[in-house]
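2 protein chains.
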Amino acid sequence: MIPALDTRLAPEEAAPSTRCRILQTAERFFREIGYQKTTVADIAKTLRMSPANVYRFFESKKAINEAVVGRLIAEAEARITVIADRPGLGAAERLRDIVTVMHRDALERCETHPRMHEMIEAAMSESWDVCRVHVDRITNVLSRVVAEGVARGEFAPQDPDVAGRCIHTAILRFCHPLLILKCPEDLAPELDAMIAFILAALRAPRVV
Amino acid sequence: MIPALDTRLAPEEAAPSTRCRILQTAERFFREIGYQKTTVADIAKTLRMSPANVYRFFESKKAINEAVVGRLIAEAEARITVIADRPGLGAAERLRDIVTVMHRDALERCETHPRMHEMIEAAMSESWDVCRVHVDRITNVLSRVVAEGVARGEFAPQDPDVAGRCIHTAILRFCHPLLILKCPEDLAPELDAMIAFILAALRAPRVV
Numbered sequence: 001m002i003p004a005l006d007t008r009l010a011p012e013e014a015a016p017s018t019r020c021r022i023l024q025t026a027e028r029f030f031r032e033i034g035y036q037k038t039t040v041a042d043i044a045k046t047l048r049m050s051p052a053n054v055y056r057f058f059e060s061k062k063a064i065n066e067a068v069v070g071r072l073i074a075e076a077e078a079r080i081t082v083i084a085d086r087p088g089l090g091a092a093e094r095l096r097d098i099v100t101v102m103h104r105d106a107l108e109r110c111e112t113h114p115r116m117h118e119m120i121e122a123a124m125s126e127s128w129d130v131c132r133v134h135v136d137r138i139t140n141v142l143s144r145v146v147a148e149g150v151a152r153g154e155f156a157p158q159d160p161d162v163a164g165r166c167i168h169t170a171i172l173r174f175c176h177p178l179l180i181l182k183c184p185e186d187l188a189p190e191l192d193a194m195i196a197f198i199l200a201a202l203r204a205p206r207v208v
Numbered sequence: 001m002i003p004a005l006d007t008r009l010a011p012e013e014a015a016p017s018t019r020c021r022i023l024q025t026a027e028r029f030f031r032e033i034g035y036q037k038t039t040v041a042d043i044a045k046t047l048r049m050s051p052a053n054v055y056r057f058f059e060s061k062k063a064i065n066e067a068v069v070g071r072l073i074a075e076a077e078a079r080i081t082v083i084a085d086r087p088g089l090g091a092a093e094r095l096r097d098i099v100t101v102m103h104r105d106a107l108e109r110c111e112t113h114p115r116m117h118e119m120i121e122a123a124m125s126e127s128w129d130v131c132r133v134h135v136d137r138i139t140n141v142l143s144r145v146v147a148e149g150v151a152r153g154e155f156a157p158q159d160p161d162v163a164g165r166c167i168h169t170a171i172l173r174f175c176h177p178l179l180i181l182k183c184p185e186d187l188a189p190e191l192d193a194m195i196a197f198i199l200a201a202l203r204a205p206r207v208v
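Sequence order for the protein chains is A and B.
Be aware that the first sequence starts at 1, since it is given in the UniProt record's numbering, and climbs by one per residue.
Be aware that the second sequence starts at 1, since it is given in the UniProt record's numbering, and climbs by one per residue.
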């Protein structure tokens, strides 16, 4: 009985960890040699697996990329959610910290792994739904802090969802890997000036 | 004497129009088959010239692209300068019109010529100085209108140069060909909401 039980359980038990190893290896390849040049065979070889075995977990390189990008998104979201939930800080301070962290993270990633933009571009053109989830989740965190700021009287009455979208759009230059990698920094305003501009917009009464 | 004179004058007199024809032809190729696939030989052949003759006017495909992009920039600048100088309108109204026109033009170009992003990407990676000129000129027009708004008491006292950069950065999503082509529109705020957000920022007193 025991071997039979083992055999039934093994694939399921092993699955999360094999899945994880595939993602870790893929992410390293995508960062180091770039998404375009990485093949499923490379990933399989590094893990001493057959490509067919990799395909048991992910049906394509695109599906692997979606999971890798999904993990990065979850990390980014977790990082800013911690700031959004930090007690004892005003909404403006928390927004400032969130935007600063988003910029610093994006910059660090782009500097350490300049080929990373390939996996982001691939996700943007092949898997827009994954990107949509990212934009939605980050925007929701921003909107939530705006709503709290409005409730506390720090910000003027306004639609927090619209404000969240406007903030996310306004900081694209500082957080989007494509723009960070492709536009030299010299022409953008300082991040602090941009944050001050955004906070001014949030504080100002809407003109109807 | 006459033939000798002709020979001396001809290249100079002919130069502007040949230059122009090269640029027009190149722009059509860049828009229609894309920057990557266009060769100087294609351009020369269409104009019934030798490639060597094209090289008398432009030393490389990169130099041709710089001139083509430069022309597009001059057109865009001219279009928004007319609005900036329009008499009888408040600064807020002029900014609204400028941003709306910039967005509409960018959208139109991207929709009509989806391969156009190649020449923009080439300019961004090979000829950043050309892009810098563009960003600088557009930002200057925005800053000028902000300065007028501050002088008229429409906007709060602030540094118009910083405000111009912040506005240009905030509208990148609506005017940058790469973002227009690569991000579906569904997640951005409406352009009008973004303009209202920007105008709120300009009206609000700065918090020190």
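From the three backbone atoms N, C-alpha and C, an ideal C-beta is built for every residue, glycine too.
*Does DSSP put I198(A) in a helix, a strand or coil?*
Start at 1 with the first residue of the first sequence, and residue 198(A) comes out as number 198. Three-state result, I198(A): helix.
_Integer Cβ distance of A91(A) from V130(A), believed to fall under 8 Å_ = Position 91 of the first sequence, counted from the start, is the residue given in the question as residue 91(A). Position 130 of the first sequence, counted from the start, is the residue given in the question as residue 130(A). Contact doesn't hold; Cβ gap of about 29 Å is too wide.
*asked:* Taking the alpha-carbon of E110(B) as reference, which of A44(B), F174(B) and L202(B) has the nearest alpha-carbon?
replied: Looking up residue 110(B) in the second sequence gives position 110. One point to set straight first is that residue 110(B) is Cys, not Glu, in the sequence displayed. Residue F174(B) is the option with its Cα nearest to C110(B).
*Y55(B), enclosing alpha helix (DSSP H) - first and last residue*: Here residue 55(B) refers to the residue found at position 55 of the second sequence. Segment P51 to F57, the alpha helix (DSSP H) holding Y55(B).
*asked:* Can you tell me where the alpha helix (DSSP H) holding S125(A) begins and where it ends?
replied: Walking along the first sequence from the start, residue 125(A) turns up at place 125. Its alpha helix (DSSP H) spans residues M116 to E126.
*If the cut is a Cβ gap below 9 Å, which residues of chain A does L178(B) touch?*
Here the question's residue 178(B) lines up with position 178 in the second sequence. Per Cβ cutoff of 9 Å: L178, L179 and K182.
*Determine which residues of the region 187-205 of chain A have a Cβ less than 9 Å from any Cβ of chain C, and write them out in chain order.*
Note that chain C does not occur in the displayed structure, where the protein chains are A and B.
*Residues of the region 129-142 of chain B whose Cβ lies closer than 8 Å to any Cβ of chain A, in chain order*: Within the region 129-142 of chain B, the residues whose Cβ lies closer than 8 Å to some Cβ of chain A are C131, R132, V135, D136 and T139, listed in chain order.
*Is the CB of C166(A) under 9 Å away from at least one CB in chain B?*
Here residue 166(A) is taken as the residue at index 166 of the first sequence, counted from 1. Residue contact check for C166(A) against chain B: a CB pair falls below 9 Å.
*Could you give the residue range of the alpha helix (DSSP H) that holds A170(B)?*
Walking along the second sequence from the start, residue 170(B) turns up at place 170. Here the alpha helix (DSSP H) through A170(B) covers P160 to A170.
_Determine, for R94(B), whether the minimum Cβ-Cβ distance to residues of chain A falls below 9 Å._
Taking the first residue of the second sequence as position 1, residue 94(B) is located at position 94. Chain A contact via Cβ: absent.
*Taking Cβ positions only, does E59(A) come closer than 9 Å to chain B?*
Here the question's residue 59(A) lines up with position 59 in the first sequence. When Cβ-Cβ separations below 9 Å define contact, E59(A) makes no contact with chain B.
*Specify whether the region 28-36 of chain A and the region 73-84 of chain A touch according to this definition: at least 3 beta carbon pairs, one from each stretch, less than 8 Å apart.*
no
*To which residues of the same chain is I98(B) closer than 8 Å at the C-beta, ignoring the five residues directly before and after it?*
Residue mapping note: residue 98(B) aligns to position 98 of the second sequence, counting from 1. Taken in chain order, the residues that qualify are I80, I83, A84, V141, L142 and V145.
*Candidates M116(A), D42(A), R104(A) and Q24(A): closest to G34(A) by CA position*: For this step, residue 34(A) is matched to residue 34 along the first sequence. Of M116(A), D42(A), R104(A) and Q24(A), the residue nearest in Cα terms is M116(A).
_Strictly below 7 Å CB to CB, what residues from chain A border M102(B)?_
By 1-based counting over the second sequence, the position of residue 102(B) is 102. Under the 7 Å cutoff, chain A gives no residues; its nearest Cβ is about 14 Å from M102(B).
_Cα-Cα separation between I167(A) and E108(B), rounded to whole angstroms_ = One-based indexing of the first sequence puts residue 167(A) at position 167. One-based indexing of the second sequence puts residue 108(B) at position 108. Straight-line Cα distance between these residues: approximately 25 Å.
*asked:* With a threshold of 9 Å between beta carbons, is V145(A) in contact with chain B?
replied: In the first sequence, the residue the question calls residue 145(A) occupies position 145. Cβ-Cβ to chain B under 9 Å: no for V145(A).
_Proximal chain B residues relative to S125(A), where beta-carbon distance stays under 9 Å_ = Here the question's residue 125(A) lines up with position 125 in the first sequence. Ordered by position in chain B, the residues that pass the 9 Å Cβ test against S125(A) are K182.
_Length-filtered (4 minimum) alpha helix (DSSP H) runs lying within the UniProt domain "HTH tetR-type" (16-76) of chain B_ = 40-46 and 51-57
*Buried or exposed: C20(B), going by 16 or more other Cβ atoms within 10 Å of its Cβ?*
Position 20 of the second sequence, counting from 1, holds the residue named residue 20(B). Exposed: under 16 other Cβ atoms inside 10 Å.
*Beta-carbon spacing of M102(B), I195(B) below 9 Å*: Position 102 of the second sequence holds residue 102(B). Position 195 of the second sequence holds residue 195(B). Contact: no.
*asked:* Taking a contact to mean a Cβ-Cβ separation below 9 Å, would you say G153(A) touches L202(A) in this structure?
replied: On the first sequence, position 153 is the one that residue 153(A) refers to. On the first sequence, position 202 is the one that residue 202(A) refers to. Note that the C-beta distance between G153(A) and L202(A) is not below 9 Å.
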